[in-house]
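Chains as they are written, first to last, in this note's numbering: chain V, 78 to 232; chain L, 78 to 232; chain R, 78 to 232; chain Y, 78 to 232; chain P, 78 to 232.
No residue lacks a Cβ here, since even glycine has one placed at the ideal position from N, Cα and C.
Below: one structure, written as structure tokens.
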Amino acid sequence: MKRIGIADTMFSRHDMAKIAEKAVFDSEEGIKVERYTVPGVKDLPVACKKLFEEHGCDIVLALGMPGPMPIDKVCAHEASQGLINVQLMTNRHILEVFVHLDESDDERELVRMAEDRVRKHTLNAIALLKGKEELGRFAGKGIRQGHADAGPLRI
Amino acid sequence: MKRIGIADTMFSRHDMAKIAEKAVFDSEEGIKVERYTVPGVKDLPVACKKLFEEHGCDIVLALGMPGPMPIDKVCAHEASQGLINVQLMTNRHILEVFVHLDESDDERELVRMAEDRVRKHTLNAIALLKGKEELGRFAGKGIRQGHADAGPLRI
Amino acid sequence: MKRIGIADTMFSRHDMAKIAEKAVFDSEEGIKVERYTVPGVKDLPVACKKLFEEHGCDIVLALGMPGPMPIDKVCAHEASQGLINVQLMTNRHILEVFVHLDESDDERELVRMAEDRVRKHTLNAIALLKGKEELGRFAGKGIRQGHADAGPLRI
Amino acid sequence: MKRIGIADTMFSRHDMAKIAEKAVFDSEEGIKVERYTVPGVKDLPVACKKLFEEHGCDIVLALGMPGPMPIDKVCAHEASQGLINVQLMTNRHILEVFVHLDESDDERELVRMAEDRVRKHTLNAIALLKGKEELGRFAGKGIRQGHADAGPLRI
Amino acid sequence: MKRIGIADTMFSRHDMAKIAEKAVFDSEEGIKVERYTVPGVKDLPVACKKLFEEHGCDIVLALGMPGPMPIDKVCAHEASQGLINVQLMTNRHILEVFVHLDESDDERELVRMAEDRVRKHTLNAIALLKGKEELGRFAGKGIRQGHADAGPLRI
Chain V
78 MKRIGIADTM FSRHDMAKIA EKAVFDSEEG IKVERYTVPG VKDLPVACKK
128 LFEEHGCDIV LALGMPGPMP IDKVCAHEAS QGLINVQLMT NRHILEVFVH
178 LDESDDEREL VRMAEDRVRK HTLNAIALLK GKEELGRFAG KGIRQGHADA
228 GPLRI
Chain L
78 MKRIGIADTM FSRHDMAKIA EKAVFDSEEG IKVERYTVPG VKDLPVACKK
128 LFEEHGCDIV LALGMPGPMP IDKVCAHEAS QGLINVQLMT NRHILEVFVH
178 LDESDDEREL VRMAEDRVRK HTLNAIALLK GKEELGRFAG KGIRQGHADA
228 GPLRI
Chain R
78 MKRIGIADTM FSRHDMAKIA EKAVFDSEEG IKVERYTVPG VKDLPVACKK
128 LFEEHGCDIV LALGMPGPMP IDKVCAHEAS QGLINVQLMT NRHILEVFVH
178 LDESDDEREL VRMAEDRVRK HTLNAIALLK GKEELGRFAG KGIRQGHADA
228 GPLRI
Chain Y
78 MKRIGIADTM FSRHDMAKIA EKAVFDSEEG IKVERYTVPG VKDLPVACKK
128 LFEEHGCDIV LALGMPGPMP IDKVCAHEAS QGLINVQLMT NRHILEVFVH
178 LDESDDEREL VRMAEDRVRK HTLNAIALLK GKEELGRFAG KGIRQGHADA
228 GPLRI
Chain P
78 MKRIGIADTM FSRHDMAKIA EKAVFDSEEG IKVERYTVPG VKDLPVACKK
128 LFEEHGCDIV LALGMPGPMP IDKVCAHEAS QGLINVQLMT NRHILEVFVH
178 LDESDDEREL VRMAEDRVRK HTLNAIALLK GKEELGRFAG KGIRQGHADA
228 GPLRI
């Protein structure tokens, strides 16, 4: 049985893990979920590493909602670097799913974006578990999460 | 007996370690404290690594008070990257508790923020020692340290 | 038989991998291609590492089309750092081939740049497989990919 | 006998190593000094690593004087990241002592700052050799090097 | 016999390797040269690592000519971080010799800077091969490459 790790934060203003758990359940793939909650996005990298090395996960979703201030942007950047480093140390994927609190002024729109982005990336994670070419049919299609797809460039 | 490391700096303008030590004591969890004082925030990463590897700590609080100038922001960023790297090298959490000297013009307000942020993160550290789902009930609640909670997005 | 890895993204708005595959085929060097598709550029580093370590590649092309916003620039920077780290971990080259969506306002021009940049870097990858001095005759010539060559400085 | 490494640069516009050597001598602690001179600050990280691993140093002072231009700031940042990484690889402290050439317009003032900063950090290094709590009495006191102490926040 | 690696790029608009090779030859030190040409500066780190680990080099010169655009500055920064990392992985020096295309508007001046900077750093590399104190007599003298020396601060 495959195992998806879900690392999320107290800082986030929406329960992003619940969306991911529902998407895993709805997939009917029989995948087990391991949850890990930390204070903020900078705590996610080691949580993800522990999900791989101490809790047997095959792939991890790193869920966070960085704030709107310059310092928050720096924190998100540091977290992202750490998440990439964990992947290189473990040879496993972490899909980073961050919704920045300044992506919209409308709180309902932020929730909508979070729902869409988490759900789509959960499906991406499930696909990546099946192999390196599973997402190949979407390659170069301008696919987006949280927004409508940009689509291919018009020639 | 669990062991919490507290790494702090001479540069800081408030004795942040004392707040953390009191919060550990008040928790009545019987946790031992190991203290390590260094000149500034860029010296914290190796101090934290030594707290794990040479002094047997299970988790570390990295306490600092970066200055208000652009060079201070760069130092804090470098320190943060190092702190994340230490976590990935040791598979243990470091909770970074930085109060930036430009977060308020009022020195009393800075002290209040430091008290609140250090105390709350000390409790987070104690919770993380108990397991990966211990903070799960706070997930997505818009929890803050040093400020009032932002709370969940309104739908 | 040599093996070239091609890692590409769903985010890209053009099928960059197809250009690379054609360039490998047209080279008539009898090189095998391994394809790996991921959601976005930040997922490329671990995909490249797996192409080396789990799929036997000798060199990898990392193809991506970062967006025009500041956050996209940060993502591309994080991806680039990861790609360099993978090379240092494996002692193998990854040629990063990124076309930034703000390099031109004209979608046809972006496609033209992608075609040129991917094709030329695929040829560079094939050359690097032959040895460290294979590209020596182009050294210091102001060679560009995606644009006309800048040429040597005029003395 | 303890051994302090002193890594310094040709780029620096003042002989910072001489200040450090005098402070070690004046301390009458019987500490041996190992000197390593490199062209600029980006060459310091590996010099420090070699001082630890090939020349038996217990702690290192990394002395530099970055220039005033944006490119110099980037170089200093890269050097600082490298210095932190060396510390994490060796579990030993490096005290970075940089005087930026734009910290003052007055060359005599720059020399005064260098003298003060190098001397104080040499004493910090000697203290750190004695143990993790040796600097504890200065914790949270707003201690500065190169400038007057900021002192504790007023409550 | 000592061996100097010279890693250079196709992107560069001047044959910087030829300058370095001539400086090694003129030194009459009987040092062997290993050359490695890559497309651009981001390809230099792994080339340098391979020069050390697969081609027996004792020190490496990393020669490049980053472009004038913001994206080029980011590339140069990423390359520099990688070059520092290689040094820490191998305990050997890499002297980075970059001439930025916006250092002068005059192409002849850029060539003059490249000639001076490459030649001087080649001599620095040869000196570093002799030991950690070989450059000590230049310490703190405000030495520059590509420009006239800044000289020591006036007291």
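Leaving aside the five residues before and after residue i along the sequence, list all residues of the same chain whose C-beta is less than 7 Å from its C-beta, in chain order.
i	result
A53 of chain P	The displayed coordinates of chain P run from 78 to 232. Any statement about residue 53 of chain P would go beyond what the structure contains.
D193 of chain L	Q222 and G223
G208 of chain P	none
D182 of chain R	none
Using the C-alpha atoms, what's the distance from residue j back to residue i?
i	j	result
A156 of chain R	M166 of chain P	21 Å
P229 of chain V	R90 of chain R	4 Å
I220 of chain P	G219 of chain Y	35 Å
V123 of chain R	D103 of chain P	45 Å
V151 of chain P	E131 of chain R	31 Å
L187 of chain V	A204 of chain R	48 Å
H154 of chain Y	C134 of chain L	30 Å
V176 of chain P	L121 of chain P	15 Å
I232 of chain R	E173 of chain R	32 Å
P147 of chain L	K95 of chain R	45 Å
K119 of chain P	Q164 of chain R	10 Å
K127 of chain Y	L212 of chain Y	27 Å
L206 of chain V	D85 of chain R	17 Å
L160 of chain Y	I171 of chain Y	7 Å
R112 of chain P	E180 of chain R	33 Å
M93 of chain L	F215 of chain Y	12 Å
N201 of chain R	I136 of chain R	11 Å
M190 of chain P	A227 of chain R	19 Å
Within the 8 Å Cβ cut-off, does residue i reach chain V?
i	result
I161 of chain L	yes
E106 of chain R	no
P229 of chain L	yes
K127 of chain R	yes
H170 of chain L	yes
H154 of chain L	yes
L178 of chain L	no
List the endpoints of the continuous beta strand (DSSP E) containing residue i.
i	result
I108 of chain Y	Per DSSP, I108 of chain Y belongs to no beta strand (DSSP E) and is neither H nor E.
I96 of chain P	It is not in any beta strand (DSSP E) - I96 of chain P instead sits in the alpha helix (DSSP H) that spans M93 to D103.
L140 of chain P	I136 to G141
L178 of chain Y	Run containing L178 of chain Y: none; DSSP gives neither H nor E here.
Can you find a C-beta in chain P that's less than 8 Å from the C-beta of residue i?
i	result
A84 of chain R	no
F88 of chain R	no
L206 of chain R	no
What would DSSP say about residue i, mapped onto helix, strand or coil?
i	result
A84 of chain V	strand
E130 of chain L	helix
I148 of chain P	helix
L206 of chain L	helix
A216 of chain V	coil
L165 of chain Y	helix
E186 of chain R	helix
E173 of chain Y	strand
Could you pull out every residue in the same chain whose Cβ sits closer than 6 Å to the Cβ of residue i, ignoring the five residues on either side in sequence?
i	result
M87 of chain Y	P116
A100 of chain L	R196 and T199
T114 of chain P	D85
Would you say residue i reaches chain L, if we count a Cβ-Cβ gap shorter than 8 Å as a contact?
i	result
D121 of chain Y	Sequence inspection shows Leu at residue 121 of chain Y; the Asp mentioned does not correspond to that position. Not closer than 8 Å to any Cβ of chain L, the Cβ of L121 of chain Y fails to qualify, so no.
E131 of chain Y	no
F102 of chain V	no
P143 of chain Y	no
H198 of chain V	no
E173 of chain Y	yes
Might you give, ordered along the chain, the residues of its own chain that have their beta carbon closer than 8 Å to the beta carbon of residue i, omitting 5 neighbours on each side?
i	result
L178 of chain R	R90, M142, P143, G144, P145, D149 and L187
K109 of chain L	M78, K79, R80 and I81
Any beta-carbon of chain R closer than 8 Å to the one on residue i?
i	result
K209 of chain V	yes
R185 of chain P	yes
G217 of chain V	yes
I96 of chain V	no
Report whether the distance from the Cβ of residue i to the nearest heavy atom of the ligand COA is below 7 Å.
i	result
H154 of chain R	Absence of the ligand COA from the depicted structure is noted, as is the absence of any ligand whatsoever, leaving it without description.
Are the C-beta of residue i and some C-beta of chain Y separated by less than 8 Å?
i	result
Q158 of chain L	yes
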